[in-house]
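Numbering (the numbering used here), first residue to last: 12 to 335. Right, one structure below, let's go through it.
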Ligand code: NGS
């Protein structure tokens, strides 16, 4: 043993030091295990799963070449959690109108509606919107950001807000929907914002969860699904009032329809979560899930009710203001 290694002192460490050290090692082991464990598509064949559809209303120019996606899919650029600071300062909203952007030099293969459900988180929205435009404009996709805001003090109804946003995006002919939490920011440039032929859970690896997928059927956070599939599932249940469960219920609808949840590899699926306090949990969420399982997807897109709604196009996003 080299002289500089303090064996004696190491062995004399007290239990109060040993126990936390062992616990940290065990936690690290399980974290790393989960980290590599989730099932994902092979990186080399992602291309064949891509759902290449554009909004039929989008004007394609014969003079322009088709957009290419290899550079995005093979990009090795990522930002670190700590680099995601106030990007608003160096954001120039060039080429964006009503929250929508179309690549200038080529014809895109994807049109994507990004649906962000929202209430009372102005500071997060102020970071999210410029960050996402900066991120998405590099990807050569046609996209539009919708913010669906619940403008009342009634319990939060995320499922209903997604249904309202989906109806609007579908009415505007978007073939692909990306359901997006306002507190999640993608870190990897190779995380192409596109639908696949099956629903795609995009936020598989979040810093808050030490970049581990917390359970296999999780579809909350960021989810890409084709408009046709969303309609087929009758969207989300409108019955979840308060935090939690609506996404697990949606996963149940997917599995009842034999859909498969697909994911990109971990190094293409990392997100940072902006801090916020935990919302009030819906204590009835497990009961509603059990009832919905029994009765099937009866409520959803076909039973959207609200008190009032207005659609207000703004430069950086289209605001859908709802009172439920
Ligand atoms: C589960 C919730 C989901 C939620 C997920 C992650 O426990 O709705 O945690 O939440 N399911 C139920 O409560 C039944 S997160 O910590 O990311 O906000 O999406």
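Heads up, the beta-carbon is just placed ideally off N, CA and C, and yes, glycines get one too.
Residue of the options minimising C-alpha distance to residue i
i           : options               : result
residue 95  : 331, 268, 198 and 281 : 198
residue 186 : 145, 108 and 124      : 124
residue 321 : 331, 293, 230 and 119 : 331
residue 117 : 148, 102 and 307      : 148
residue 166 : 291, 309 and 299      : 291
residue 206 : 303, 225 and 57       : 57
residue 333 : 162, 325 and 274      : 162
residue 10  : 171, 107, 254 and 37  : In the structure as shown, the chain starts at 12 and stops at 335, and residue 10 therefore has no counterpart that could be examined.
residue 103 : 146, 61 and 80        : 146
residue 159 : 132, 78 and 26        : 132
residue 225 : 55, 24, 23 and 259    : 259
residue 284 : 30, 191, 208 and 308  : 191
residue 311 : 89, 114 and 243       : 243
residue 77  : 307, 86, 115 and 308  : 115
residue 223 : 282, 270 and 268      : 282
residue 151 : 88, 29, 254 and 204   : 204
Identified DSSP bridge partners for residue i
i           : result
residue 329 : 157 and 324
residue 127 : 158 and 191
residue 178 : DSSP output for residue 178 lists no bridge partner at all.
residue 118 : 77
residue 273 : 211
residue 334 : 319
residue 108 : 111
residue 89  : 199
Simplified DSSP assignment, three categories, for residue i
i           : result
residue 283 : strand
residue 219 : helix
residue 189 : strand
residue 54  : helix
residue 113 : coil
residue 266 : helix
residue 316 : coil
residue 233 : strand
residue 199 : strand
residue 45  : For residue 45, the predicted structure reports a pLDDT of 49, less than 50, and the residue's modelled location is therefore unreliable. The matter cannot be settled from this model.
residue 61  : strand
residue 250 : coil
residue 136 : helix
residue 212 : strand
residue 25  : coil
residue 292 : strand
residue 238 : helix
residue 170 : helix
residue 305 : helix
residue 141 : helix
residue 183 : coil
residue 259 : helix
residue 228 : coil
residue 204 : coil
residue 300 : helix
residue 35  : helix
residue 150 : coil
residue 66  : coil
residue 82  : helix
Distance between beta carbons of residue j and residue i, contact taken as under 8 angstroms
i           : j           : result
residue 51  : residue 276 : 5 angstroms
residue 213 : residue 122 : 17 angstroms between Cβ atoms; not a contact.
residue 189 : residue 228 : About 19 angstroms; that fails the 8 angstroms criterion.
residue 120 : residue 63  : 4 angstroms
residue 182 : residue 126 : Actually they do not touch by this definition, with Cβ atoms about 13 angstroms apart.
residue 299 : residue 232 : The Cβ separation is near 20 angstroms, so there is no contact.
residue 194 : residue 287 : 6 angstroms
residue 128 : residue 201 : Not confirmed; about 26 angstroms, so no contact.
residue 109 : residue 184 : The Cβ separation is near 14 angstroms, so there is no contact.
residue 293 : residue 252 : 6 angstroms
residue 154 : residue 86  : Contact flag wrong, Cβ pair sits at about 17 angstroms.
residue 144 : residue 327 : 7 angstroms
Check: residue i C-beta below 8 angstroms from any heavy atom of the ligand NAD
i           : result
residue 258 : The ligand NAD is not among the ligands present in this structure, which contains only the ligand NGS.
Q. Is the number of C-beta pairs between the region 211-220 and the region 237-248 that are closer than 8 angstroms three or more?
A. no
(Q) Across the region 130-138 and the region 67-74, are there enough close Cβ pairs to call them in contact, namely three or more that are closer than 8 angstroms? (A) no
Q: Check whether the region 242-249 touches the region 260-273, taking contact to mean three or more Cβ pairs, one atom from each stretch, closer than 8 angstroms.
A: yes
Q | Contact between the region 171-182 and the region 306-319 (3+ Cβ pairs under 8 angstroms) | A | yes
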